[in-house]
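Accompanying notes for the structure given below.
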Amino acid sequence: METKESPLADKKARMRFNKAMREKGIPAKACGKCFVVKGYDAFNVDRRKKAHPEVPSCKACSAAAMRTRRNVRMEDPTAREAERIRSLAKAARDREAVNVRSRTWYRANRERRMEADRRWKAANPEAWRSITLHARQLRRARQKDATVVPFTHAEMLADWEERDLYGCAFCGGPYDDIEHLVPLSKGGEHSLDNIVPSCRDCNRGVGGKHSRLPWEWLAERFPNLAPILVPSVLPDVDTP
């Protein structure tokens with residue numbers, strides 16, 4: 001069965017319809033994208049216009065178009081990096097105002113927020129563990145006055161997926177920690193380029209790499225990698 005095109009798909013017909021609705025005092029209009037008749041509250045407002053300030057497309061269609069444009073733009077690595085920089089700049093610029101709004105909302109909705117958090121953590125234990133690891137390592141880096149190159153938890157997971165890091169970078173098992181390849185104590189920075197997922201044994205256990213430089217530990221644990229573990233190709237740090 002063929003679906004008939006809406007008579008409001010014709011721009012002139014739609015404009016006549018919207019004009020008739022205004023003249024009758026009915027606060028509704030046809031969307032220029034989906035052609036559905038909706039109340040004025042379903043449309044964003046162009047504040048530069050005094051008469052009939054509602055934009056042509058409804059909020060739902062406008063949001064869908066924006067998502068499509070953003071997805072196309074984000075396929076370009078240069079655009080992704082520009083978007084990341086813009087987001088960081090906006091967050092820094094609006095941080096205080098956002099913090100004030102967040103604190104005000106949290107005080108008014110504390111129990112509601114805590115209950116929602118409890119439900120989410122129970123439903124997403126692995127995601128919560130990963131977020132906690134990220135926050136803990138960021139706090140540790142700041143306590144050590146290390147150089148911090150900002151990144152979000154989502155960006156970290158995307159970077160690891162791009163590098164096929166789905167488990168411990170050293171042994172391939174499940175990861176428990178976020179490991180700095182060049183330790184913070186030896187001048188390493190907290191950045192995507194310097195972190196990998198690591199299990200507790202490889203990172204901190206008996207025979208782990210916590211007391212040595214990464215290439216020394218890797219060469220000892222995985223002798224077949226020793227020929228390619230040349231310190232000169234890694235970030236400059238002072239050897240013990």
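Residue numbers are given in full-length UniProt numbering: position 145 of the sequence shown equals residue 145, and the series is strictly consecutive.
Heads up, the beta-carbon is just placed ideally off N, CA and C, and yes, glycines get one too.
Per the DSSP calculation, residue i is bridged to which residue(s)?
{"i": "residue 196", "result": "179"}
{"i": "residue 30", "result": "37"}
{"i": "residue 58", "result": "43"}
{"i": "residue 148", "result": "190"}
Mind checking whether residue i and residue j have CB atoms under 7 Å apart?
{"i": "residue 246", "j": "residue 197", "result": "The structure shown has nothing for residue 246, since the chain only spans 1 to 240."}
{"i": "residue 38", "j": "residue 61", "result": "no"}
{"i": "residue 18", "j": "residue 29", "result": "yes"}
{"i": "residue 194", "j": "residue 181", "result": "yes"}
{"i": "residue 151", "j": "residue 88", "result": "no"}
{"i": "residue 131", "j": "residue 153", "result": "yes"}
{"i": "residue 40", "j": "residue 27", "result": "yes"}
{"i": "residue 113", "j": "residue 106", "result": "yes"}
So residue i packs on residue j, CB below 8 Å; how close in whole Å?
{"i": "residue 96", "j": "residue 149", "result": "Actually they are not in contact, since the Cβ atoms of residue 96 and residue 149 sit about 22 Å apart, beyond 8 Å."}
{"i": "residue 35", "j": "residue 9", "result": "5 Å"}
{"i": "residue 199", "j": "residue 174", "result": "6 Å"}
For residue i and residue j, what's the separation of their Cα atoms in angstroms?
{"i": "residue 98", "j": "residue 134", "result": "22 Å"}
{"i": "residue 238", "j": "residue 167", "result": "Residue placement at residue 238 cannot be trusted, given a pLDDT of 49 that sits under 50; what the coordinates show is reported in the next sentence. Spanning the two alpha carbons is a distance of roughly 29 Å."}
{"i": "residue 47", "j": "residue 53", "result": "6 Å"}
{"i": "residue 73", "j": "residue 84", "result": "12 Å"}
{"i": "residue 170", "j": "residue 70", "result": "36 Å"}
{"i": "residue 13", "j": "residue 43", "result": "19 Å"}
{"i": "residue 223", "j": "residue 162", "result": "26 Å"}
{"i": "residue 172", "j": "residue 136", "result": "22 Å"}
{"i": "residue 146", "j": "residue 187", "result": "7 Å"}
{"i": "residue 159", "j": "residue 67", "result": "22 Å"}
{"i": "residue 101", "j": "residue 93", "result": "14 Å"}
{"i": "residue 21", "j": "residue 50", "result": "18 Å"}
{"i": "residue 78", "j": "residue 86", "result": "12 Å"}
{"i": "residue 117", "j": "residue 104", "result": "18 Å"}
{"i": "residue 156", "j": "residue 6", "result": "46 Å"}
{"i": "residue 127", "j": "residue 82", "result": "27 Å"}
{"i": "residue 120", "j": "residue 142", "result": "28 Å"}
{"i": "residue 11", "j": "residue 108", "result": "47 Å"}
{"i": "residue 90", "j": "residue 216", "result": "41 Å"}
{"i": "residue 115", "j": "residue 219", "result": "48 Å"}
{"i": "residue 1", "j": "residue 16", "result": "Note that residue 1 has pLDDT 44, beneath the 50 cutoff, so the model's placement of it is unreliable and no number is given."}
{"i": "residue 144", "j": "residue 129", "result": "23 Å"}
{"i": "residue 31", "j": "residue 138", "result": "46 Å"}
{"i": "residue 140", "j": "residue 123", "result": "27 Å"}
{"i": "residue 234", "j": "residue 75", "result": "For residue 234, the pLDDT reaches just 46, beneath the cut-off of 50, and the residue's location in the model is therefore unreliable, although a value from the coordinates is still provided. Rounded to the nearest angstrom, the two C-alpha atoms are 30 Å apart."}
{"i": "residue 45", "j": "residue 80", "result": "29 Å"}
Closer than 7 Å, CB to CB, is residue i near chain C or not?
{"i": "residue 14", "result": "No chain C appears in the structure shown, which is made up of a single protein chain."}
_Whole runs of the alpha helix (DSSP H) within the stretch 115-144, excluding any shorter than 4 residues_ = Runs of the alpha helix (DSSP H) inside the stretch 115-144: 125-143.
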